[in-house]
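When the letters of the sequence shown are read in order and numbered with the numbering used here, they come out as residues 13 to 523. Contents: one structure, followed by commentary.
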Amino acid sequence: MDRPPTATTTAAPAAGGSLSLPARAPVLVAGEELPVDSWSPVVNPARTGELVGEVAMGGAENVDRAVAVAHAAFRGWAATPPAARAERMAAAAAALAEHNGPLAELLTREQGKVLWETRLDVGGAGHILNWYTGVADVLAEDEVFRSDARGTIWTGRRPMGVTGVIVPWNSPVYLAFLGIAPALLAGNTVVVKPSELAPLALGEVLRIVAEHLPEGVLSVVPGGREAGAAIAGHRLVRKVFFTGSTSTGQAVMREAAGNLKNISLELGGNDPAIVLESARVDDALAEELVRSVYSASGQICFDVKRVYVHRAHHAEFLERFTAAADRLVVGNGLDPRATMGPVSNRAQFDKVSGLIERTRASGATVRTVGTKLDPGSWDEGLFLLPSVVSDVDPRAEIVTDEQFGPVVPVLPFADDDEAVALANDTEFGLAASVWSADREHALAVARRIESGTVFLNVHRYGASDVSMPFGGVKGSGIGRGHGLAALHACTELQTVADYVDVSAFPGPDNR
């Protein structure tokens, strides 16, 4: 049976105000909170004894209700002109802008990232909504494919129906809206499943956005595997956006295969950075790569996970990079002195800690650097100092696995061919970066990398712009998100052929 949670009911904060804590993340369908069998605590990874809030553990019955309501609302929303849909989305973005500060603080409390990172995460919702409102005219008119004496053939993009958006815990708000915004603009109704590990800020953002949409167009069912599987396998869900691990993406794909629904999967990455012989190795390059590795404590899908450096520069780069990483200050993300927060949850902390210890035991060199902020409080949180690994086998698990934490291996290579071979020797292919003072050299290497995106001389927050197609190859995903690619991904392309003269068609009457 459902029970009243001990957490305080959270109302939208006044502009510049604060959210009451503990917070709640309920199942929310058509503006109504639905009962659930259980609630789960959400704790602060910087102080694991601190209850930040509680999350409703939605189940299959909750998903059924949310999907039924979304299905009923679909016809009206799909019939709404794209410009009118965009107006509602713009109003939602404006409302969110009034609450970015307190929502970012809430996200830091539940997820751990430092405040400037969570401000980007929360602010990204409005930014993404506004970007899509600017391309509504793409959907306004059909495109004539051919027109001649025989007739006219044209194509148009039509909404799919109910769209499920299954969200990870690492950048929950931003990543959610990369699926939500294009789906809404395209005329789809949306059911979102936040991660039970970081549901609070996203749940509040979704509640605010839903208030600016017709009833039933946007619903929220937080929870774990049961809720995710129910969305992926539901017969009335026609599209699923999933962001998360490769193994979970495979499970989503299996569920979706039962009714051949359309899926977009952005999955794990083991992103390489290649520092070429033609690179200028200095402190600026080292500091930029530190940002590329340790942003969000290394818990971004396209953070750099491996660094390959030409052997002519390897020793100097390792020294400069380690010195730059040593300047990181690790602590509570709410403290403005912190430049890196804790690992976001216990399971990930244990995974990364174990990986580092096994790497050290294997004989590799592991340099643990950085500064502890308030070291007396470290036992209360899931803190790890940044680590730099060298003298390591290229087939070691620290190199081949996605660490998703504040640790990175730095390995030498002899020439471009070896660098490309090492970079491509992985089941993943989300993103990569090539670093060089010679643009043509960098481009030549970039074109040989097996990844959905290759950055040149950058690889961090902001590099993956909302307007550019983004997604992985191999085990890193299916399809492309961001920009018009995502908008097209949540529409069906319909062809209409209007022939006025069929006399030239083959048949028994025209041999």
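No residue lacks a Cβ here, since even glycine has one placed at the ideal position from N, Cα and C. These numbers come from a predicted model, not from an experiment.
Backbone CA spacing between residue i and residue j [nearest angstrom]
i	j	result
Glu129	Glu289	33 Å
Ala27	Ala458	The predicted model places Ala27 with a pLDDT of 46, which falls under 50 and marks its position as unreliable; any figure quoted below should be read in that light. The straight-line gap from Cα to Cα measures roughly 45 Å.
Ala497	Gly388	48 Å
Pro16	Glu122	Since pLDDT at Pro16 reaches only 35, below the 50 mark, its modelled position is unreliable, and the value read off the structure follows with that caveat. If you take the alpha carbons of Pro16 and Glu122, they lie about 21 Å apart.
Ala19	Val67	At Ala19, the pLDDT of 36 sits below 50, so the modelled position is not reliable and the matter cannot be decided from this model.
Val422	Thr377	10 Å
His83	Arg372	53 Å
Asp362	Asp347	24 Å
Arg332	Ser476	26 Å
Val185	Val400	30 Å
Pro226	Ile490	31 Å
Ser402	Val485	28 Å
Val48	Gly310	34 Å
Glu117	Gly487	34 Å
Phe329	Val217	42 Å
Gly71	Thr175	17 Å
Asp428	Phe482	25 Å
Ser257	Pro211	18 Å
Val341	Val302	13 Å
Exposure label - residue i; buried when at least 16 CB within 10 Å
i	result
Asn271	exposed
Ser259	exposed
Lys384	exposed
Thr438	buried
Ser307	buried
Gln506	exposed
Arg219	buried
Phe157	exposed
Gln360	buried
Ser159	exposed
Thr267	Per the sequence shown, residue 267 should be read as Glu rather than Thr. Buried, since its Cβ has 16 or more Cβ neighbours within 10 Å.
Asp315	buried
Asp532	It is not possible to answer for residue 532, since the shown part of the chain is limited to 13 through 523.
Glu452	exposed
Leu320	Reading off the sequence, residue 320 comes out as Tyr, not Leu. Buried, because 16 or more other Cβ atoms sit within 10 Å of the Cβ of Tyr320.
Residue i (DSSP reduced to helix, strand or coil)
i	result
Pro518	coil
Val179	coil
Ala82	helix
Asn344	coil
Glu66	strand
Pro284	strand
Ser231	strand
His224	coil
Pro53	strand
Val48	coil
Pro421	strand
Glu328	helix
Val185	helix
Ala42	coil
Candidates the options: closest to residue i by CA position
i	options	result
Gly393	Ser257, Ser356 and Leu209	Ser356
Ile461	Gly310, Gly441 and Lys363	Gly441
Leu434	Ala408, Asp347, Arg451 and Val419	Ala408
Leu230	Val305, Arg349 and Phe86	Phe86
Thr412	Arg451, Val432 and Lys317	Lys317
Lys251	Ser304, Pro184, Ile178 and Tyr186	Ile178
Ala148	Ala188, Met101, Pro406 and Leu423	Met101
Thr167	Gly176, Gly173 and Ala152	Ala152
Phe254	Leu212, Ser445 and Leu190	Leu190
Asp391	Ala359, Val364 and Pro354	Pro354
Ser304	Val419, Ser207 and Leu279	Val419
Phe467	Ala285, Gly135 and Leu499	Ala285
Pro38	Asp427, Glu99, Ile165 and Val204	Val204
Gly135	Ala213, Ile275 and Val75	Ala213
Ala291	Val264, His326, Asn56 and Thr201	His326
Ala35	Gly65, Val55 and Leu115	Gly65
Thr334	Asp295, Ala241, Ile312 and Arg370	Asp295
Asn274	Val150, Pro180 and His246	His246
Asn112	Asn469, Ala244, Ala90 and His139	His139
Ala107	Thr92, Gly163, Ala90 and Ala137	Ala137
Ala91	Ile165, Phe395, Gly199 and Ser257	Gly199
Asp338	Gly495, Ala80, His224 and Ala298	Ala298
Asp405	Val508, Ser374, Gln415 and Tyr473	Ser374
Ala269	Leu196, Gly281 and Val249	Val249
Ile368	Gln415, Glu278 and Ala350	Gln415
beta-carbon residue i near the ligand NAD non-hydrogen atom, thresh 6 Å
i	result
Ala78	As presented, the structure is devoid of all ligands, the ligand NAD included, so that no description of it is given.
Cβ of residue i within 7 Å of any chain D Cβ
i	result
Leu225	Here there is only one protein chain, and chain D is not present.
Jot down the residue ranges of each uninterrupted alpha helix (DSSP H) in the region 434–501, minimum 4 residues, whole runs only, in chain order. 451–458 and 495–501
Please list the segments of the alpha helix (DSSP H) lying wholly inside the region 110–172, counting only runs of 4 or more residues, in order along the chain. 112–123 and 127–145
Ranges of the alpha helix (DSSP H) found wholly within the region 237–314, counting only runs of at least 4: 237–245, 258–269 and 295–306
Length-filtered (4 minimum) alpha helix (DSSP H) runs lying within the region 334–418: 358–373 and 409–412
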